[in-house]
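Participant: UniProt numbering applies: residue 1 is where the sequence shown begins, and numbers increase by one. Quick one: structure below, then a few questions.
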Amino acid sequence: MQATLSEKLAKLKLQINLDLKGGDLEKLADLGQGNGGSVEKVKHIPTGTIMAKKSVLIDAKSSVRKQILRELDIMHECNSEYIISCYGSFIEDPNVCTCIEFMDKGSFDGIYKSYGALPVEVVGRVAMSVLEGLTYLYDVHRIIHRDIKPSNILFNSEGQIKLCDFGVSGELINSIAHTFVGTSVYMSVSKTPKYLN
Numbered sequence: 001m002q003a004t005l006s007e008k009l010a011k012l013k014l015q016i017n018l019d020l021k022g023g024d025l026e027k028l029a030d031l032g033q034g035n036g037g038s039v040e041k042v043k044h045i046p047t048g049t050i051m052a053k054k055s056v057l058i059d060a061k062s063s064v065r066k067q068i069l070r071e072l073d074i075m076h077e078c079n080s081e082y083i084i085s086c087y088g089s090f091i092e093d094p095n096v097c098t099c100i101e102f103m104d105k106g107s108f109d110g111i112y113k114s115y116g117a118l119p120v121e122v123v124g125r126v127a128m129s130v131l132e133g134l135t136y137l138y139d140v141h142r143i144i145h146r147d148i149k150p151s152n153i154l155f156n157s158e159g160q161i162k163l164c165d166f167g168v169s170g171e172l173i174n175s176i177a178h179t180f181v182g183t184s185v186y187m188s189v190s191k192t193p194k195y196l197n
């Protein structure tokens with residue numbers, strides 16, 4: 001007998017064990033759309049914690065559900081200052097909602113659009129943080145992110161830089177990157193499908 005999505009969510013290990021329910025969250029702002037879902041800034045009323053709530057439509061396809069569960073599992077297992085922290089997940093039919101650490105300065109692409117070219121010292125710090133995050137994912141979890149792009153690199157006012165969105169992560173054990181996934185704009189020309197060249 002196959003476990004339901006709710007049962008699988010209940011079994012995930014949580015870094016920060018919060019009993020999350022949609023009714024306990026107060027929406028503060030819309031943060032964006034993308035990757036088949038939306039992101040909102042919310043406040044967890046019982047604790048006062050500010051979070052980002054990512055809502056993804058539950059697809060009927062088994063492969064998509066499996067991908068969502070894998071991303072949630074990875075996020076719950078991660079404990080690195082270079083990877084976005086996850087507070088928990090819950091079902092809000094027809095969506096899977098994940099509450100993650102709110103990064104108040106936004107994404108690298110948003111910062112670039114607002115301020116233009118950044119000093120080389122800042123870009124170097126971003127590169128080091130991304131490499132630290134990728135090294136952690138590989139060394140500890142044996143996975144590769146496979147969709148590194150400016151919108152998946154987040155900043156906060158404390159100067160932290162973190163990776164997010166593992167929706168297309170690959171497990172190194174099962175894939176030595178033989179599949180083409182990611183955002184085509186940021187792929188190497190040698191990796192893009194012929195119709196994109």
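Ideal Cβ positions, reconstructed from N, Cα and C, are used throughout, including at glycine. For clarity, every value in this text was computed on a predicted model and none was experimentally measured.
Out of I68, I143, K105, F102, state which residue places its alpha-carbon closest to the alpha-carbon of F90.
Facilitator: Your numbering for residue 90 matches position 90 in the sequence shown. Nearest option by C-alpha distance: I68.
Participant: Just mark A117 as buried or exposed, buried being the case when its beta carbon has 16 or more other beta carbons within 10 Å.
Facilitator: In the sequence shown, residue 117 corresponds to position 117, counting from 1. The residue in question, A117, is exposed, as its Cβ has fewer than 16 Cβ neighbours within 10 Å.
Participant: Report the rounded CA-to-CA distance for D139 versus G48, giving the unit in angstroms.
Facilitator: Residue 139 sits at position 139 when you count from the first residue of the sequence shown. Residue 48 sits at position 48 when you count from the first residue of the sequence shown. Each residue's alpha carbon lies about 34 Å from the other.
Participant: For S55, I'd like the list of residues in its chain whose CB is within less than 6 Å of its CB, leaving aside the five on either flank, ordered along the chain.
Facilitator: Position 55 of the sequence shown, counted from the start, is the residue given in the question as residue 55. G37, S38, N95, C97, listed in sequence order.
Participant: Using 10 angstroms around the beta-carbon of A29, count the other beta-carbons present and answer buried if the total reaches 16, otherwise exposed.
Facilitator: Reading the sequence shown from its first residue, position 29 is the one you call residue 29. Answer is exposed; the Cβ neighbour count stays below 16.
Participant: Report the residue from E101, G22, P119, S157 whose alpha carbon sits nearest the alpha carbon of H76.
Facilitator: Numbered from 1 along the sequence shown, position 76 holds the residue referred to as residue 76. Checked all of E101, G22, P119, S157; the closest Cα to H76 is E101.
Participant: For I83 versus L163, is the C-beta spacing smaller than 7 Å?
Facilitator: Counting from 1 along the sequence shown, the entry for residue 83 is found at position 83. Counting from 1 along the sequence shown, the entry for residue 163 is found at position 163. Contact: yes.
Participant: Please give me, in chain order, every unbroken run of the beta strand (DSSP E) with length at least 3 that falls completely inside the stretch 26-101.
Facilitator: Within the stretch 26-101, the complete beta strand (DSSP E) runs of at least 3 residues are 37-44, 49-57, 86-92, 95-101.
Participant: One question on the structure: do S26 and K41 come within less than 7 Å of each other, judged by their Cβ atoms?
Facilitator: What you label residue 26 is simply residue 26 of the sequence shown in a count that begins at 1. What you label residue 41 is simply residue 41 of the sequence shown in a count that begins at 1. According to the sequence shown, residue 26 is Glu rather than Ser. It is not a contact, given that the beta carbons lie outside the stated cut-off.
Participant: Could you tell me which residues DSSP pairs with L154 in its beta bridges?
Facilitator: Mapped onto the sequence shown, residue 154 falls at position 154. S107, K162.
Participant: Report the option in H141, A127, D93, I58 whose CA atom is closest to the CA atom of F155.
Facilitator: Position 155 of the sequence shown holds residue 155. When each option's Cα is compared against that of F155, the closest is A127.
Participant: Where D24 and P46 are concerned, what is the direct C-alpha to C-alpha distance, given to the nearest angstrom?
Facilitator: Mapped onto the sequence shown, residue 24 falls at position 24. Mapped onto the sequence shown, residue 46 falls at position 46. C-alpha separation (whole angstroms): 7 Å.
Participant: Measuring straight from C-alpha to C-alpha, what distance separates D109 and S62?
Facilitator: To locate residue 109, count along the sequence shown from 1; it is residue 109. To locate residue 62, count along the sequence shown from 1; it is residue 62. Approximately 32 Å, taken between the alpha carbons.
Participant: Run through DSSP, which three-state label would L131 get?
Facilitator: Within the sequence shown, numbered from 1, the residue matching residue 131 stands at position 131. The answer is helix: DSSP assigns L131 an H, G or I state.
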